[in-house]
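Its first residue numbered 2, the sequence shown is counted upward by one per residue in the working numbering. The beta carbon of each residue, even a glycine, is placed where N, CA and C say it ideally should be.
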Amino acid sequence: MHLLRLCHAPIVTPCLAGKVFFFAKKRKGARPMTHLFALSELPLDEIHRLLDEAEAFRSGRIWRPAAPMYVANLFFEPSTRTKCSFEMAERKLGLHVIPFDPERSSVQKGETLYDTVRTLEAIGVDAVVIRHHEDAYFEALRHAVGIPIINAGDGCGHHPTQSLLDLLTIRQEFGAFTGLTVAIIGDIRHSRVARSNAEVLTRLGANVLFSGPEEWKDETNPYGTYVEVDEAIARADVVMLLRIQHERHAETMGLTKEEYHARYGLTLERARRMKSGAIILHPAPVNRGVEIASELVEAKASRIFKQMENGVYVRMAVLKRAMEGRMEHGRMAEKWHVVQ
2 MHLLRLCHAP
12 IVTPCLAGKV
22 FFFAKKRKGA
32 RPMTHLFALS
42 ELPLDEIHRL
52 LDEAEAFRSG
62 RIWRPAAPMY
72 VANLFFEPST
82 RTKCSFEMAE
92 RKLGLHVIPF
102 DPERSSVQKG
112 ETLYDTVRTL
122 EAIGVDAVVI
132 RHHEDAYFEA
142 LRHAVGIPII
152 NAGDGCGHHP
162 TQSLLDLLTI
172 RQEFGAFTGL
182 TVAIIGDIRH
192 SRVARSNAEV
202 LTRLGANVLF
212 SGPEEWKDET
222 NPYGTYVEVD
232 EAIARADVVM
242 LLRIQHERHA
252 ETMGLTKEEY
262 HARYGLTLER
272 ARRMKSGAII
282 LHPAPVNRGV
292 EIASELVEAK
302 ASRIFKQMEN
312 GVYVRMAVLK
322 RAMEGRMEHG
332 RMAEKWHVVQ
């Protein structure tokens, strides 16, 4: 087989066939910094563009920088899905991942987050992904560092890439957001997922319902209406369940897991009252038998593991956006022409 050419010539010739490539060169001039702190800071057209990019990656398109680029993942809270899917996305994009473990870093000697990020910038890291227990940790970094920062979750604040993967999953199912009813059920007050999703879904034209324990209502969130859990589940096109944020609670609710499940969880009985065509989402980790019956985690209506799959593609799109803040835009290439 001989590779002939790309329909649109790339900046750098790749060596793989049967794929679509995006290439880019290191930037010489200035371009607006492409941080991602909260979806509330992005216009809707940019959100749609990120979702379109994620779909392109899902369909097999590939993007590569023309020169080596480096990213560090700074996770100051435990994570499985977000951390691993960011690293998978980084490797799929051909980025070099710099290992960072807060427990074995100078953070343990009192180094500030700012000094940690500036150190990584100084040694040549091109972008950082940060999860931190402090709400809005990024405000101290926003104008103080010269590399893109991607927020992978800040305390009870925001979780933009989780919201993007939720949006992608919903769009794949329904095609649009206008007129959909999304019920967010559980620990609303302590959930950055609830806060991020309610804001962006409202802007996109969806109707947001909240439900959960009275003690965990968030009266400061203007983007949803509180209803009883049975009503929320019966009305919803999307049932979005939330994990109880035990690590953020100063108080306990005084319910056992079984009692919580009976009062506020998606039980088998409640699932039978869902609308035809409604889907189940959960940001995970899932507490089976608490916020959702174990049998429903992989039921026909569940898209929980589809969310996880979509997380890789969404994070590829976000990383591409961040890296292009450091580079010239690459040229979009069509598929390779291959002849026998």
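* Extent of the continuous alpha helix (DSSP H) run through Phe76 -> That residue, Phe76, is in no alpha helix (DSSP H); its beta strand (DSSP E) goes Tyr71 to Phe76.
* For Ser164, write down the residues that DSSP places opposite it in a beta bridge. => In the DSSP output, where bridge partners are listed per residue, Ser164 has none listed.
* Report the three-state DSSP secondary structure of Arg322 (helix, strand or coil). => helix
* Asked: Where does Tyr227 sit, in a helix, a strand or coil, going by DSSP?
  -> strand
* Asked: For Met275, which three-state DSSP category applies?
  -> coil
* To do: Indicate the three-state DSSP secondary structure (helix, strand or coil) for Asn152 in the structure shown.
  => strand
* Asked: Is there contact between the region 150–162 and the region 173–187, where contact requires at least three CB pairs shorter than 8 Å?
  -> no
* Excluding sequence positions up to five away, which residues of its chain have a Cβ less than 8 Å from the Cβ of Leu243? -> Ile185, Ile186, Gly187, Asp188, Ile189, Ser192, Val194, Ala195, Gly213, His283, Pro284 and Glu292
* **Expected contact under 8 Å - CB spacing of Asp136 and Asp155 to nearest Å** => 6 Å
* Considering only C-alpha positions, which residue in the set Val315, Ala318, Ile280 and Thr257 is nearest to Ile305? -> Ile280
* To do: Identify, in the order they occur along the chain, each residue of the same chain with its Cβ nearer than 7 Å to the Cβ of Phe101, setting aside the five sequence neighbours on each side.
  => Ala73, Asn74 and Leu75
* To do: Compute the distance between the beta-carbons of Thr120 and Val108, then report whether it is under 8 Å.
  => no
* For Leu282, the first and last residue of its enclosing beta strand (DSSP E) -> Ile280 to Leu282
* Alpha-carbon spacing of Glu56 relative to Tyr314, whole angstroms -> 7 Å
* Does the separation of the CB atoms of Met70 and His36 fall below 8 Å? -> no
* **Nearest to Pro286 (by Cα), restricted to the options Val298, Ala263 and Glu42** => Val298
* To do: Starting from His159, follow the alpha helix (DSSP H) in both directions and report where the run begins and ends.
  => Careful: His159 lies outside any alpha helix (DSSP H) and carries neither H nor E.
* For Gly95, count neighbouring C-beta atoms within 10 Å of its own C-beta (all shown protein chains included) and say buried if the count is 16 or more, exposed if not. => exposed
* **DSSP three-state assignment for Leu43, whether helix, strand or coil** => coil
* Backbone CA spacing between Ile131 and Glu91 [nearest angstrom] -> 14 Å
* Asked: From which residue to which residue does the alpha helix (DSSP H) around His134 run?
  -> Run containing His134: none; DSSP gives neither H nor E here.
* Asked: Can a CB atom of chain C be found closer than 8 Å to the CB of Arg316?
  -> In summary, chain C is missing from the structure at hand, where a single protein chain is found.
* Asked: Can the beta-carbon of Ser164 be found less than 8 Å from the beta-carbon of Leu320?
  -> no
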